[in-house]
Structure formats: structure tokens, C-alpha cells
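K.L.:
Numbering (the working numbering), first residue to last: 61 to 92.
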């Protein structure tokens, strides 16, 4: 599996950061 980096610009967004990270966790793209 290839590691990736995700940059999420957020300022005073503590209420939405957890939800944003949770939505990224199940994302997977299988090519090939």
C-alpha cells in the first residue's frame, strides 16, 4: 500500500476536523 499525505486547511474548525478525518479513513482506490 502506498502512503499518502492529506493536508486539510482548517482554522477554528475543531468541530469538523474529527468528522473530516473519519470521512477520509475508509477512502481507498484500487487501480489495476
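Beta carbons are placed, not taken as given, at the ideal position from N, Cα and C, and that holds for glycine. Being a predicted model, the structure only gives us computed values, none of them experimental.
Looking at the unbroken alpha helix (DSSP H) that takes in residue 83, where does it start and where does it end?
P.N.:
Residues 74–84.
K.L.:
Measuring only the C-alpha atoms, how far is residue 72 from residue 62?
P.N.:
One C-alpha to the other measures close to 31 angstroms.
K.L.:
Would residue 85 pass as a contact of residue 76 if the rule is Cβ separation under 9 angstroms?
P.N.:
Contact flag unset, no.
K.L.:
Thinking C-beta only, is residue 67 closer than 9 angstroms to residue 81?
P.N.:
Their beta carbons are not under 9 angstroms apart, which means residue 81 does not touch residue 67 by this criterion.
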